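Protein chains in written order, with this note's numbering: chain A, 1 to 117; chain B, 1 to 155; chain C, 1 to 29.
A virtual CB, placed ideally from N, CA and C, is assigned to each residue, including glycine.
In this text, all values refer to a predicted model and were calculated from it rather than measured experimentally.
One structure below.
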Amino acid sequence: HVLLALHDRAPQLKVSDDRLSVTGEKGYSMIRSTHGVQCGRWYFEARITDMPPESAVRIGWSQSLGNLQAPCGYDKFSYSWRSRKGTRFHQSHGKHYSEDFGKGDVLGFYIHLPPPG
Amino acid sequence: DLPMAMRFRKLQEHAKEAVGVYRSHIHGRGLFCKRNIDSGEMVIEYAGEVIRSSLTDKREKYYESKGIGCYMFRIDDFEVVDATMHGSAARFINHSCEPNCYSRVINVDGKKHIVIFAMRPISKGEELTYDYKFPIEEVKIPCSCGSKKCRKYLN
Amino acid sequence: WSAFAPDFKELDENVEYEEHESEFDIDDE
């Protein structure tokens, strides 16, 4: 089963017992899943179960070298979609993508990777 | 002889009477002794903004772009004290290849602090210095400490 | 000495920095 990783995350994030939910506080940090993908077409969904005022989330895809003490989309190793203004990020450059999203929304993430070589 | 945490709590009251910032031949301004300091005495905290390490790159670039000298001190792998825009007088301590102080990270009530200690007895009027731990890089930064055992370069 | 750098603020103790949402961003939309 693909779950949120306990050993591939910023230690300050709180992971639920079933390892399917995570809560953060203060500045952005990242958690990755237990399994990654290398080629082919893959898709996952995430639901925002809570988002207090002034808080935000960035979710997306990350390689294993992506900095965990920064938001997803910070460096060249990750790509994200932000709840606030619906901005997409890569290498810390934000570009318009969609309207904002929040509590109760279900988000889908698709990736299509070519075969190696 | 008191526990570290207790010594640290007293430090805030006593640091300002013990040390002050004055003109220095090493690098413009420096931290000087205003009364005799004993060997091993806690002198001053290197206080500033505690930031996550992942923020240092961006901050360094910003300071460089504004021509602001950067004063950062690493606490551990995760946190750094940035005294560039908000800090204590400890940011003015200059480097010397023959220092009279050293730094240590101490833990008080679950929070880490960088503290400067006296390596030996320091007399009133002496400049306080410690040995900066610059990373070794190809581009060398000349040292102006003027000590007999000067290594010529900071890095 | 703090008079020479008007934006500089003297501190007696550490201050925990509170990060903004856009703290890491180079540019935003």
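To the nearest angstrom, report how far apart residue 57 (chain A) and residue 54 (chain B) are at their CA atoms. Their backbone Cα atoms lie some 18 angstroms apart in a straight line.
Could you pull out every residue in the same chain whose Cβ sits closer than 6 angstroms to the Cβ of residue 109 (chain A), ignoring the five residues on either side in sequence? Apart from sequence neighbours up to five positions away, the residues of its chain that approach residue 109 (chain A) with a beta-carbon distance below 6 angstroms are 44, ordered along the chain.
Which ranges does the beta strand (DSSP E) cover as unbroken runs of at least 3 residues, wholly within the segment 11-95 of chain B, from first to last along the chain? Counting whole runs of 3 or more residues, the segment 11-95 of chain B contains the beta strand (DSSP E) stretches 19-24, 28-33, 42-45, 48-52, 72-74 and 79-87.
Kindly list, in the order they appear in chain B, the residues whose Cβ is closer than 8 angstroms to that of residue 69 (chain A). In chain order, 52, 53, 54 and 78 make up the part of chain B whose C-beta sits under 8 angstroms from the C-beta of residue 69 (chain A).
Where the beta strand (DSSP E) containing residue 120 (chain B) begins and where it ends: Looking at the DSSP string, residue 120 (chain B) is not in any beta strand (DSSP E), and its letter there is neither H nor E.
Along the segment 57-90 of chain B, where does the CB come closer than 9 angstroms to a CB of chain C? Name the residues. Near chain C, meaning a CB-to-CB distance below 9 angstroms, the residues of the segment 57-90 of chain B are 58, 68, 81, 82, 83, 84, 85, 86, 87, 88 and 89.
For residue 111 (chain A), the first and last residue of its enclosing beta strand (DSSP E): Looking at the DSSP string, the run of the beta strand (DSSP E) that includes residue 111 (chain A) is 106-113.
Rounded C-alpha distance that separates residue 141 (chain B) from residue 95 (chain B): For the pair residue 141 (chain B) and residue 95 (chain B), the Cα-to-Cα distance works out to about 12 angstroms.
By the 8 angstroms beta-carbon criterion, what residues does the segment 14-28 of chain A contribute toward chain B? Against chain B - using a Cβ distance shorter than 8 angstroms - the residues of the segment 14-28 of chain A are 27.
Starting from the beta carbon of residue 87 (chain A), find every residue of chain C whose beta carbon is closer than 8 angstroms, and list them in chain order. 28 and 29, listed in chain order.
In whole angstroms, give me the CA-to-CA distance for residue 89 (chain A) and residue 113 (chain B). Near 35 angstroms, if we compare the C-alpha coordinates of residue 113 (chain B) and residue 89 (chain A).
Compute the beta-carbon to beta-carbon distance between residue 10 (chain A) and residue 34 (chain A), rounded to the nearest angstrom, for a pair I have assumed lies under 8 angstroms. With a contact defined as Cβ atoms closer than 8 angstroms, residue 10 (chain A) and residue 34 (chain A) miss out at about 16 angstroms.
For residue 10 (chain C), which of B:39, B:16 and B:78 has the nearest alpha-carbon? Residue B:16 is the option with its Cα nearest to residue 10 (chain C).
Can the beta-carbon of residue 63 (chain A) be found closer than 9 angstroms to that of residue 74 (chain A)? Going by C-beta atoms, residue 63 (chain A) is not nearer than 9 angstroms to residue 74 (chain A).
What number of angstroms, rounded off, separates the C-alpha of residue 38 (chain A) from the C-alpha of residue 137 (chain B)? Straight-line Cα distance between these residues: approximately 37 angstroms.
First and last residue of the beta strand (DSSP E) that includes residue 127 (chain B)? For residue 127 (chain B), the enclosing beta strand (DSSP E) starts and ends at 127-130.
Cα separation between residue 1 (chain A) and residue 17 (chain C)? So the two alpha carbons sit approximately 38 angstroms from each other.
Residue interval of the beta strand (DSSP E) (run including residue 105 (chain B)): 101-108 is the extent of the beta strand (DSSP E) around residue 105 (chain B).
Through-space distance from residue 98 (chain B) to residue 52 (chain B), alpha-carbon basis: Approximately 31 angstroms, taken between the alpha carbons.
Of all the CB atoms in chain B, is at least one closer than 9 angstroms to the CB of residue 21 (chain C)? Chain B contact via Cβ: absent.
Any chain B beta carbon closer than 9 angstroms to residue 74 (chain A): Chain B contact via Cβ: present.
Mind checking which residues open and close the beta strand (DSSP E) that includes residue 44 (chain A)? From DSSP, the beta strand (DSSP E) with residue 44 (chain A) extends over 40-47.
Should residue 23 (chain B) be labelled buried (16 or more other beta-carbon atoms within 10 Å of its own) or exposed? The residue in question, residue 23 (chain B), is exposed, as its Cβ has fewer than 16 Cβ neighbours within 10 Å.
Run through the DSSP bridge pairs and tell me what residue 142 (chain B) is partnered with. BP columns for residue 142 (chain B) point to B:153.
For the beta strand (DSSP E) that residue 60 (chain A) lies in, which residues bound it at each end? For residue 60 (chain A), the enclosing beta strand (DSSP E) begins and ends at 58-62.
Nearest by alpha-carbon distance to residue 135 (chain B): which of B:124, B:118, B:127 and B:155 is it? For the residues B:124, B:118, B:127 and B:155, the minimum Cα distance to residue 135 (chain B) belongs to B:155.
Can you give me, in chain order, the residues of the segment 97-131 of chain B that have a beta carbon less than 8 angstroms from any beta carbon in chain C? Within the segment 97-131 of chain B, the residues whose Cβ lies closer than 8 angstroms to some Cβ of chain C are 111 and 113, listed in chain order.
What is the C-beta distance between residue 128 (chain B) and residue 11 (chain B), in whole angstroms, given that I count them as a contact (C-beta under 8 angstroms)? Not confirmed; about 14 angstroms, so no contact.
Residue-level contact to chain C via CB, residue 48 (chain B), 9 angstroms cutoff: Interface residue, yes.
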